[in-house]
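Worksheet: the structure to be examined is printed underneath.
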């Protein structure tokens with residue numbers, strides 16, 4: 070059960086109670102509306118702490134795409150025979166591109182990546198979701214700013230005022246800057262938007278045992294990649310976790326859908 074859905078429900082119930090209190094002048098309705106508004110504030114602020122024990126108390130189990138989610142909503146749980154299998158997705162953030170590195174440094178980075186993979190004790194699946202970046206808006210903005218600078222420069226040069234020489238020099242440097250940036254964005258390989266994530270699973274005789282082993286494996290993957298490759302790993306939860314589940318069967322069909330639906 071998502072914290073956002075519960076918060077919206079509490080706000081809606083509070084609004085209805087407040088409306089009823091205004092129409093009927095009932096003090097009890099005012100008390101109920103105050104309770105729901107206060108509850109919505111607590112859930113919005115501290116829902117990640119309050120919701121798991123409440124769901125556990127009433128036996129509520131969240132579902133996403135036909136899979137059961139853990140109480141913390143950071144793992145997928147399925148049952149295979151008498152055992153339980155828990156799975157987690159990790160977002161991997163690689164701040165550097167190999168194309169920007171010298172050949173020797175790129176080769177060393179590849180060796181470090183291979184060594185990091187070999188150090189993992191549990192099975193792990195790595196996936197890349199790629200899309201070309203649409204830079205048409207940025208290119209139009211660069212051309213517009215360059216055109217404005219060229220117009221100002223032409224106006225200064227036509228005035229033939231010696232006092233404008235310093236400002237003319239600044240405008241020439243600005244135009245050169247926009248030319249370099251435009252050339253950089255339009256030449257070479259097209260920039261890519263990359264979503265890099267990992268999937269790991271653990272088995273246990275109970276839900277808690279599977280989740281405990283899964284947490285250890287997720288920490289192992291994060292430590293191995295961050296120490297050798299300076300890669301940040303963030304465990305996905307709630308809506309972001311639910312978005313990863315169908316990626317094994319389908320991916321966003323367009324660039325805009327990829328940008329809007331994923332993290």
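Numbering (our numbering), first residue to last: 70 to 332. Glycine residues also receive a C-beta, built at the ideal position from the N, C-alpha and C atoms.
One or two residues paired with residue i in a DSSP bridge
| i | result |
| --- | --- |
| residue 316 | DSSP, once it has assigned bridges, lists no residue as partnering residue 316. |
| residue 145 | 138, 156 |
| residue 273 | 153 |
| residue 267 | 159, 195 |
Supposed close pair residue i, residue j - CB separation, criterion 8 Å
| i | j | result |
| --- | --- | --- |
| residue 294 | residue 302 | 6 Å |
| residue 222 | residue 240 | 4 Å |
| residue 158 | residue 305 | 5 Å |
| residue 236 | residue 225 | 6 Å |
Residue closest to residue i, alpha-carbon to alpha-carbon, out of the options
| i | options | result |
| --- | --- | --- |
| residue 280 | 141, 178, 96 | 141 |
| residue 203 | 277, 240, 162, 254 | 254 |
| residue 211 | 244, 310, 149, 81 | 244 |
| residue 274 | 158, 225, 150 | 150 |
| residue 265 | 145, 200, 143 | 200 |
| residue 180 | 139, 242, 297 | 297 |
| residue 205 | 260, 218, 216, 289 | 260 |
| residue 147 | 178, 277, 237, 176 | 277 |
| residue 256 | 262, 208, 299, 290 | 208 |
| residue 300 | 171, 160, 219, 135 | 160 |
| residue 163 | 178, 173, 172 | 178 |
| residue 292 | 137, 190, 145 | 190 |
| residue 310 | 84, 85, 136 | 136 |
| residue 242 | 84, 262, 215 | 215 |
Short CB-CB distance (under 7 Å) between residue i and chain B
| i | result |
| --- | --- |
| residue 197 | Given the protein chain composition of this structure (a single chain), no chain B is represented. |
> Fully enclosed by the stretch 187-221, which beta strand (DSSP E) runs are 3 residues long or longer?
Replying inline: 193-201
> Three or more beta-carbon pairs under 8 Å between the stretch 261-277 and the stretch 183-195, yes or no?
Replying inline: yes
> Touching or not, the stretch 142-161 and the stretch 220-235, by the rule of three or more beta carbon pairs under 8 Å?
Replying inline: no
>> I'd like the ranges of any beta strand (DSSP E) spanning at least 3 consecutive residues and lying wholly in the stretch 278-314.
In response: 301-304
> Quick check: the stretch 179-186 against the stretch 308-318, are there 3 or more CB pairs under 8 Å?
Replying inline: no
>> Under 8 Å: do the stretch 285-292 and the stretch 247-261 share three or more Cβ pairs, one atom per stretch?
In response: Pairwise C-beta distances place the stretch 285-292 out of contact with the stretch 247-261, as fewer than three of them are shorter than 8 Å.
> Considering only residues of the stretch 228-262, which uninterrupted alpha helix (DSSP H) runs meet the minimum length of 4 residues and lie entirely inside it, listed in chain order?
Replying inline: 234-255
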